[in-house]
Amino acid sequence: MSLDFPLDRTAAPVPGAERRAILADPGFGRWFTDHMAVAAWDAEHGWHDGGVRPLAPFTLHPGAAVFHYGQEVFEGLKAYRHADGGVWLFRPGDNARRFARSARRLALPELPEAAFVRAVEELVRADAAWVPEADGGAGGEATTPGPAPSTSGLSVSDPSAPDSSASGSGEQSLYLRPFLIATESFLGVRPSAEALFRVIASPAGPYFPSGVTGVTLWVTETYSRAAIGGTGAAKCGGNYAGSLAAQTEARENGCEQVLYLDSAGRGTIEESGTMNLCLVTRDGELLTPALGTILEGVTRDTVLALAPELGLRPVERTISLAELRAGAEDGTVTEVFAAGTAAVLTPVTGFKGAGHAFTVGDGTPGPTTLALRRTVLDLQYGRTEDRHGWLHRVL
Ligand SMILES: Cc1ncc(COP(=O)(O)O)c(C=O)c1O
Numbered sequence: 262m263s264l265d266f267p268l269d270r271t272a273a274p275v276p277g278a279e280r281r282a283i284l285a286d287p288g289f290g291r292w293f294t295d296h297m298a299v300a301a302w303d304a305e306h307g308w309h310d311g312g313v314r315p316l317a318p319f320t321l322h323p324g325a326a327v328f329h330y331g332q333e334v335f336e337g338l339k340a341y342r343h344a345d346g347g348v349w350l351f352r353p354g355d356n357a358r359r360f361a362r363s364a365r366r367l368a369l370p371e372l373p374e375a376a377f378v379r380a381v382e383e384l385v386r387a388d389a390a391w392v393p394e395a396d397g398g399a400g401g402e403a404t405t406p407g408p409a410p411s412t413s414g415l416s417v418s419d420p421s422a423p424d425s426s427a428s429g430s431g432e433q434s435l436y437l438r439p440f441l442i443a444t445e446s447f448l449g450v451r452p453s454a455e456a457l458f459r460v461i462a463s464p465a466g467p468y469f470p471s472g473v474t475g476v477t478l479w480v481t482e483t484y485s486r487a488a489i490g491g492t493g494a495a496k497c498g499g500n501y502a503g504s505l506a507a508q509t510e511a512r513e514n515g516c517e518q519v520l521y522l523d524s525a526g527r528g529t530i531e532e533s534g535t536m537n538l539c540l541v542t543r544d545g546e547l548l549t550p551a552l553g554t555i556l557e558g559v560t561r562d563t564v565l566a567l568a569p570e571l572g573l574r575p576v577e578r579t580i581s582l583a584e585l586r587a588g589a590e591d592g593t594v595t596e597v598f599a600a601g602t603a604a605v606l607t608p609v610t611g612f613k614g615a616g617h618a619f620t621v622g623d624g625t626p627g628p629t630t631l632a633l634r635r636t637v638l639d640l641q642y643g644r645t646e647d648r649h650g651w652l653h654r655v656l
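So the sequence shown is residues 262 to 656, counted in the working numbering.
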């Protein structure tokens, strides 16, 4: 039985003037749109009760498994408004497949890829007025007038999202957050026989408002993110809860983000808290840690695929911190950047750890990083031809 997502439109959308004020400076993850996509699953009936409904809080039994054992997975992708007013998703099928892989790892039910994409599409259609113009501003008029703010506009920060204080340049979008939680009330450690799926949406401002700046990563030796056989490759809430103390350690040491090393003490680099890491070498390689315990980022895969177009050879392999440091110091590693949906590409201009610090290049964002960033953004916003078939039209 295929899952459908019929719209039950809210009678109380955020008034147009209020929505436009939000879209003028949305920040990241601070405001929510009028609707949410929903679906339910239980062991007896499978997936059912799909729809797009007014955004509303959950009522859950305090015994629900998600509260006790963290059985939860999520995704993050964006809707982009093109210059002609059309609205597009970027590689949503990849997010759908990763969502299913994450669910499998957390013993949650797998939502079929088509249902995932459909839920996201229908939510974006319902909340089209919340998709900002690329350069800021309201995306359109609300189709239903309403008197009072709805339950949207809750000011709740997202732990897996990058800190909005590090935010920045250029393009705006509608950030979409699909998630799946275990809801059976039962205090035993076993897979839940009930689960709820939601997609919520939040307008996202420019990531680097005052120009693309570089970040310094804190190489933590106190914490690791993932172990072989663990949940590192899944996008589950627990990975991010476990990263918060490391993030605090980074801040205390004057760094914006963390660089995680492998948990076996081999000294190999893995990824940042919410982004994959890439190195550019003097002899033309785009080098990134191989998959295994890291998240298989859509942006990582995108830059690997685009590398040859910029004259770079994509290479996925194990990279040690010692190699990175020696390369930065002798100039064989010319640039480093982090890649993820929220920031696209963030230049990494330096590293700090217990008893060491080094810069990359001259300590400013490098030309290859900026060119790759521009190439990805031009694709996402429809300013260049989509030769890879990555764009998915919604409106
Ligand atoms: C741990 C981690 N690594 C990498 C990424 C980048 O993935 P993507 O490019 O699919 O956003 C994310 C963001 O989702 C992340 O949370």
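The beta-carbon is built from N, C-alpha and C at its ideal position, and this holds for glycine as well.
- Item | Where the beta strand (DSSP E) containing residue 580 begins and where it ends | Within the sequence shown, numbered from 1, the residue matching residue 580 stands at position 319. Boundaries cannot be given for residue 580, as no beta strand (DSSP E) includes it and DSSP labels it neither H nor E.
- Residues bridged to residue 385 by DSSP? Here residue 385 refers to the residue found at position 124 when the sequence shown is read from its first residue. The partner list for residue 385 (beta bridge, DSSP) is empty, contrary to what the question assumes.
- Item | Segments of 3+ residues assigned as beta strand (DSSP E) that fall wholly inside the region 321-383 | 333-335, 338-342, 348-351
- Item | Exposure label - residue 608; buried when at least 16 CB within 10 Å | Here residue 608 refers to the residue found at position 347 of the sequence shown. Per the 10 Å Cβ criterion, buried.
- Query: Where in the region 592-631 do unbroken runs of the beta strand (DSSP E), each at least 3 residues long, occur, reported from the N-terminal end onward?
  - Reply: 594-601, 605-614, 617-620
- Message: Pull the bridge partners of residue 653 from the DSSP assignment, please.
- Response: Here the question's residue 653 lines up with position 392 in the sequence shown. Residue 653 is bridged by DSSP to 350.
- Item | Candidates 390, 619, 544: closest to residue 480 by CA position | Reading the sequence shown from its first residue, position 219 is the one you call residue 480. That would be 619, whose Cα lies nearest to the Cα of residue 480.
- Cβ-based neighbour list, residue 647, same chain, cut-off 7 Å, excluding 5 preceding and 5 following: Within the sequence shown, numbered from 1, the residue matching residue 647 stands at position 386. Result list for residue 647: 640, in chain order.
- Query: Does the beta carbon of residue 571 fall short of 6 Å from some heavy atom of ligand 1?
  - Reply: Within the sequence shown, numbered from 1, the residue matching residue 571 stands at position 310. Result no, Cβ not under 6 Å from ligand 1.
- Task: Given a cut-off of 7 Å, decide if residue 473 and residue 626 are closer than it, judged by their beta-carbon atoms.
- Result: By 1-based counting over the sequence shown, the position of residue 626 is 365. By 1-based counting over the sequence shown, the position of residue 473 is 212. Yes, Cβ-Cβ distance for residue 626 and residue 473 is below 7 Å.
- Message: So, under 8 Å CB-CB, residue 486 and residue 335 are touching, yes? Tell me the CB distance rounded to an integer number of Å.
- Response: Reading the sequence shown from its first residue, position 225 is the one you call residue 486. Reading the sequence shown from its first residue, position 74 is the one you call residue 335. In fact, because the Cβ distance is near 16 Å, the residues do not count as touching under 8 Å.
- Query: If you measure from the CB of residue 556, is any heavy atom of ligand 1 nearer than 6 Å?
  - Reply: Numbered from 1 along the sequence shown, position 295 holds the residue referred to as residue 556. Yes, the beta carbon of residue 556 sits closer than 6 Å to at least one heavy atom of ligand 1.
- Query: Near residue 576, what residues of its chain come up, given a Cβ to Cβ distance below 8 Å and the 5 sequence neighbours on each side ignored?
  - Reply: Locating residue 576 in the sequence shown gives position 315, where the first residue counts as 1. Residues 546, 547, 548, 549 of the same chain have their beta carbon placed closer than 8 Å to that of residue 576, with the five preceding and five following residues left out of the count.
- In the DSSP assignment, find the alpha helix (DSSP H) that holds residue 298 and state where it starts and stops. For the purposes of this step, residue 298 is identified with residue 37 of the sequence shown, where counting begins at 1. Looking at the DSSP string, residue 298 is not in any alpha helix (DSSP H); the run it does join, the beta strand (DSSP E), is 296-303.
- Item | Buried versus exposed, by CB contacts within 10 Å (16 or more), residue 451 | Along the sequence shown, one-based indexing puts residue 451 at 190. Result: exposed.
- Taking 6 Å as the line, does the beta carbon of residue 224 fall inside it for any heavy atom of ligand 1? Nothing about residue 224 can be reported from this structure: the residues present for the chain run from 262 to 656 only.
- Message: For residue 386 and residue 656, which I take to be in contact (beta-carbon distance under 8 Å), what is that distance rounded to the nearest angstrom?
- Response: Along the sequence shown, one-based indexing puts residue 386 at 125. Along the sequence shown, one-based indexing puts residue 656 at 395. So it is a contact: roughly 6 Å between Cβ atoms.
- Select from 446, 515, 586, 384 the residue whose C-alpha is nearest the C-alpha of residue 530. As a working note, residue 530 is residue 269 in the sequence shown. Looking at the Cα atoms, 586 is the closest of the given residues.
- Task: Check whether the Cβ of residue 564 sits closer than 6 Å to any heavy atom of ligand 1, and report yes or no.
- Result: Along the sequence shown, one-based indexing puts residue 564 at 303. Residue 564 Cβ: outside cutoff for every heavy atom of ligand 1.
- Message: Can you give me the C-alpha to C-alpha distance between residue 294 and residue 617, rounded to a whole angstrom?
- Response: By 1-based counting over the sequence shown, the position of residue 294 is 33. By 1-based counting over the sequence shown, the position of residue 617 is 356. Going from the Cα of residue 294 to the Cα of residue 617 covers about 45 Å.
- Query: Any idea what DSSP makes of residue 436, helix, strand or coil?
  - Reply: By one-based count along the sequence shown, residue 436 stands at place 175. Reduced to three states, the DSSP call for residue 436 is strand.
- Message: Using CA atoms only, rank isn't needed, just tell me which of 320, 275, 445 is closest to residue 292.
- Response: Locating residue 292 in the sequence shown gives position 31, where the first residue counts as 1. Closest by alpha carbon: 275.
- Cβ-heavy atom distance, residue 560 to ligand 1, below 6 Å: Position 299 of the sequence shown holds residue 560. Under cutoff, so the answer is yes.
- Query: Can you give, in chain order, each stretch of the alpha helix (DSSP H) that sits fully within the region 532-574 and has at least 4 residues?
  - Reply: 559-567
- Message: Within a Cβ cutoff of 6 Å, which residues of the same chain sit near residue 491, ignoring the five residues on either side of it in sequence?
- Response: If you number the sequence shown from 1, residue 491 lands on position 230. Here the set comprises nothing.
- Cβ of residue 514 within 6 Å of any heavy atom in ligand 1? Residue numbering aside, residue 514 sits at position 253 when the sequence shown is read from its first letter. For ligand 1, not one heavy atom lies less than 6 Å from the Cβ of residue 514.
- Comparing alpha-carbon positions, which option in 392, 566, 540, 298 lies nearest residue 595? As a position in the sequence shown, residue 595 is number 334, starting the count at 1. When only C-alpha atoms are compared, the closest one is 540.
- Could you tell me whether any non-hydrogen atom of ligand 1 is closer than 6 Å to the CB of residue 532? Here residue 532 corresponds to residue number 271 of the sequence shown, with the count starting at 1. Checking every heavy atom of ligand 1 against the Cβ of residue 532, one is found closer than 6 Å.
- residue 307 - containing beta strand (DSSP E), residue span: Translated into positions along the sequence shown, residue 307 becomes position 46. It spans 307-315 - the beta strand (DSSP E) in which residue 307 sits, taken as one unbroken run.
- Message: Looking only at its chain, what residues have a beta carbon closer than 8 Å to the beta carbon of residue 645, apart from the 5 residues adjacent to it on each side?
- Response: Residue mapping note: residue 645 aligns to position 384 of the sequence shown, counting from 1. Hits under 8 Å: 636, 639.
- Query: Are the CB atoms of residue 299 and residue 459 nearer to each other than 7 Å?
  - Reply: Here residue 299 refers to the residue found at position 38 when the sequence shown is read from its first residue. Here residue 459 refers to the residue found at position 198 when the sequence shown is read from its first residue. Yes, they are a contact pair.
- Message: I believe residue 593 touches residue 542 by the beta-carbon criterion, under 8 Å. Please report the beta-carbon distance rounded to the nearest angstrom.
- Response: For this step, residue 593 is matched to residue 332 along the sequence shown. For this step, residue 542 is matched to residue 281 along the sequence shown. Between residue 542 and residue 593 the Cβ distance is about 6 Å, and since that is below 8 Å, they are a contact.
- Can you say whether residue 533 is buried or exposed, counting buried as having 16 or more other CB atoms within 10 angstroms of its CB? By one-based count along the sequence shown, residue 533 stands at place 272. That one is buried.
- Message: Using CA atoms only, rank isn't needed, just tell me which of 537, 522, 381 is closest to residue 264.
- Response: Reading the sequence shown from its first residue, position 3 is the one you call residue 264. Of the candidates 537, 522, 381, the one whose C-alpha sits nearest the C-alpha of residue 264 is 381.
- Indicate, with yes or no, if ligand 1 has a heavy atom lying under 6 Å from the CB of residue 602. Within the sequence shown, numbered from 1, the residue matching residue 602 stands at position 341. Correct: residue 602 has its Cβ closer than 6 Å to ligand 1.
- Task: Inspect the CB distances between the region 351-363 and the region 493-501 and report whether three or more fall short of 8 Å.
- Result: yes
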